[in-house]
Structures are given as C-alpha cells and as structure tokens.
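Report on the following structure.
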Amino acid sequence: MTSFSDISDRLGDLAIEVPSWAYGNSGTRFKVFGSPGTPRSVEEKIADAATVHRFTGLAPSVALHIPWDEVDDYGALSTYAKEHGVALGTINSNTFQDDDYKLGALTHADPRVRQKAVDHHLECIEVMNQTGSRDLKIWLAEGTNYPGQGDIRARQDWLAEGLSTIYDQLSEDQRLVLEYKFFEPAFYHTDVPDWGTSYAHVAALGDRAMVCLDTGHHAPGTNIEFIVAQLLRLGKLGSFDFNSRFYADDDLIVGAADPFQLFRIVVEVIRGGGFGPDSEVALMLDQCHNIEAKIPGQIRSVLNVQEMIARALLLDTDALNEARNAGDVLLANEIFMDAFYTDVRADLGAWREERGLAANPMRAYLDSGYQEQIEADRAGGAQLSWT
Ligand code: PSV
Ligand code: MN
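When we follow the working numbering, the leftmost residue of the sequence shown carries the number 2, and every step to the right adds one.
Structure follows, in structure tokens:
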C-alpha cells in the first residue's frame, strides 16, 4: 500500500502553466460577457496569474498568445513577471484571426499567405528569444468545409514545408509543439486533426518537435489515456492543454466534466515518465472562464490537477502489476478504482500548510480582498478579450 506520506515529496514536482487568456473575457460565438476586475493590460493578466501561484504554489509560469499579448518590450514584461513571482512560458502563435487566413495559413494555396503565416511564427520565435520561453505552440485553425474545396494532399505538403522553415529557426534549447484538433472552425476536413498527423509532422522535423495534446480536441468516446501512453512511449509528448468538456472543445475547468478521465490520463502520464523532475512534458491549462469568476476558476483548475496527481501517485502499482500478471481482471480494476476513490483533500490541506500555503486556497483567495481590490482598481479602460 502506498500512503500519502510516501508521495508527499513527489507532489512538490508539480508545476502547471496557466494561459494568459484565461484571465481575459471570453465567450461563445453568441456572446462575450464582461466581468468586474478583468485585466485591461497584459501586465494585469500576469498579476492575476501570479495571484493563482501565490495561493496555490502550483502555477509558476504563464503562457502567452501572440498577438493577444503583444507588447513593445518583452524583456521588460519578463522582468515584470519575475517581480511578481512567475515566469513567461509557452508562446502560442495565432493564424486564425486575420482575413488573409480565411482559406488557410500554412496550408493556403497562395504562397504569399503561406509566407505571411511562416513570418508570424518567426516573429513568435523572436518573442521567445526575448522572454526566454522554451516552447512555440502551434495550433492551426485550418481545413475545409466542403468536399472538393481544397487539395487535402497538397495542403499537407505545404504544411510540412512551412513547419520545417519555422523549426529551422529555433535555437537548440527551444522546441516546437504541434497541437491537433479534430474539427472547428473547419467542419469537413482539418489539416492537423489527430495525434497521428501531428506525430507524422513532428517526427519529420526532428528531436525538438513534439505533439501537444489538448484534452478537449478529440471525438467523444476517444480513449485519450491511450494516446498519452503511445506518445510517451514514442518520446513525442511535448505538452498538454488541460481542460474538460461535455460536448466538443468546451474549454471548461479541468477535472470538472469527467474527473475519472483526468485520473486515467495522469496515471498514464506518471506511468510513462511524463511527471517529475526529469520530465520535459509541459502541463498547461487551456481554458476559458465564460461565466464563472476567472481567478478562482484557475485556482480550482490547478487544485483539480494536483488532486488527481496525488490520487494517481497513490496507485499501488506493485499490487496492480501482480493482479495483472495473475490475470485477475477484477482485482486489477479494484486496485485502480481504490486509488481513484481515495479522498486526498485533507492530506493536501495539511501538505499545503506545511509549505506555508493556506489549506484551502479557494477560501483564502476569496478572503484575501484581491478580487475586491482589482474590481475597484480596474474600473474604466477596455477589458481584454480574445476578440
Ligand atoms: C484551439 O481550440 C486552442 O485549443 C489552441 O490551443 C489555441 O491556441 C487556444 O485554443 C486558444 O484559446
Ligand atoms: Mn489548446
């Protein structure tokens, strides 16, 4: 049996990267709701992200999205982040909000548009050089809506060519992570719809190109933990975009829609060496808080991940292997479920207190007055959003 004290040190290895866009307004295609206290500048987003880290000790870095987080001086932004106790992390490119990209970006039939999309990524690499970021994350909103609309084969070749030009510009300590998504905004075919396509491209690029797995980007019923196991086995799992979903790419709080799925995923992460000081797998959130308060939404999210990591670390792998090897199907399942059903909340509260954190970070944040302060300080000005 594994007890909480056995896993206590390993829990200290957990670091989750939060997305800058979680602190801005977001919504559906029907409505983006504003909310009091929402950041009006990139600095205010970083201050909010740093607050999540201050209360949880779990979120030491913030991912940026370019151009949403464009500033004149990224060195200064990096210093600002450091002064607030966090670092700037992954740089996300954006080739989905420019009229030129209506029919594709890296996969557009027009070489001028393809070059423009490549140039945007080269600018992102320039940003990374100034922020000291390791990862360039690429998600492409590319595909077609109607059969016959595009040459789906030629688009793969253009994509490979563009990615290779981008990859060549990375320095030795930088990586490219290619995210896949099965549909949306394109509805007939998507140019990087699945892990296999992403894998084929990053494998062709080289060692510093990896796959990004966004948990909301699969068809319902997909066995995501199998994909995790396979990518780790192949040494190609670069990062996660964690969130949860009931239907499609809902971007809800990780662990909210299906806690058991999150457990199964993190079991495979740990099993495959994707967690701990020697792992280079980036555990990021990619979420939007459309109706709930944003900072507590992020706090809840990182706590959910911590809780599942704790439960997965408690899995009695020796007993599990024994049951498996003996062909004892029900015992193996019971051992697995025992870990999932273990309530670690009180132990985690004590674990936090030992490290100078509040036992209940949600409550501590609500009692801290930070929310009231930002609502008063940030009256007026234009609230940031993804639009
Ligand atoms: C696309 O749906 C995505 O998951 C990508 O990671 C984008 O960069 C992000 O969402 C933007 O919200
Ligand atoms: Mn994502």
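Heads up, the beta-carbon is just placed ideally off N, CA and C, and yes, glycines get one too.
Cβ neighbour criterion (16 or more within 10 Å) applied to residue i
i	result
Met338	exposed
Pro362	buried
Leu331	exposed
Gln98	exposed
Asn93	buried
Tyr75	buried
Ile292	exposed
Tyr366	buried
Thr80	exposed
Arg113	exposed
Tyr147	exposed
Ala283	buried
Ala77	exposed
Thr29	exposed
Asp378	exposed
Tyr342	exposed
Beta-bridge pairing of residue i - partner residues as DSSP gives them
i	result
Lys138	Asn93, Val178
Leu238	Val212
Ala283	Ser240
Leu253	Ser245
His190	Thr145
Ser403	This structure does not reach residue 403, given that the chain is present from 2 up to 388, and the question cannot be answered.
Cutoff 8 Å; reference residue i; Cβ partners in own chain excluding five residues on either side
i	result
Phe247	Leu253, Ala258
Glu354	Ala360
Ala60	Ala16, Ile17, Glu18, Val19, Ala50, Val53, His54, Val87, Gln299, Val303
Pro194	Gly144, Tyr181, Lys182, Phe183, Phe184
Gly350	Ala360, Asn361
Ala294	Ser36, Gln372
Gln116	none
Arg234	Gly273
Same chain only: Cβ atoms within 7 Å of residue i, ignoring 5 sequence neighbours per side
i	result
Thr52	Ile296, Tyr371
Gly382	Arg41
Thr198	Tyr181
Leu393	Nothing can be reported for residue 393: it is not among the residues displayed for the chain, which extend from 2 to 388.
Nonlocal neighbours in the same chain, by C-beta distance under 6 Å from residue i, ignoring five residues either side
i	result
Val43	Asp70, Val72
Phe276	Val270
- Determine contact between the region 366-376 and the region 5-21, defined as no fewer than three beta-carbon pairs at a distance below 8 Å. The region 5-21 and the region 366-376 do not touch, with fewer than three beta-carbon pairs separated by less than 8 Å.
- Item | Runs of alpha helix (DSSP H) lying entirely within the region 9-95, each at least 4 residues, in chain order | At a cut-off of 4 residues, the continuous stretches assigned as alpha helix (DSSP H) that sit fully inside the region 9-95 are 43-57, 75-84.
- Task: Taking only runs that begin and end inside the region 321-352, name each unbroken alpha helix (DSSP H) of 4 or more residues, in chain order.
- Result: Runs of alpha helix (DSSP H) with 4 or more residues, each lying fully within the region 321-352, are found at 330-342, listed in chain order.
- Message: Measuring CB atoms only, is the region 116-134 touching the region 163-180, in the sense that at least three cross pairs come out at less than 8 Å?
- Response: Flag = yes, the region 116-134 and the region 163-180 touch.
- Can you pull every residue whose C-beta falls closer than 6 Å to some heavy atom of ligand 3, listed in chain order? The model depicted lacks ligand 3 and carries ligand 1 and ligand 2 instead.
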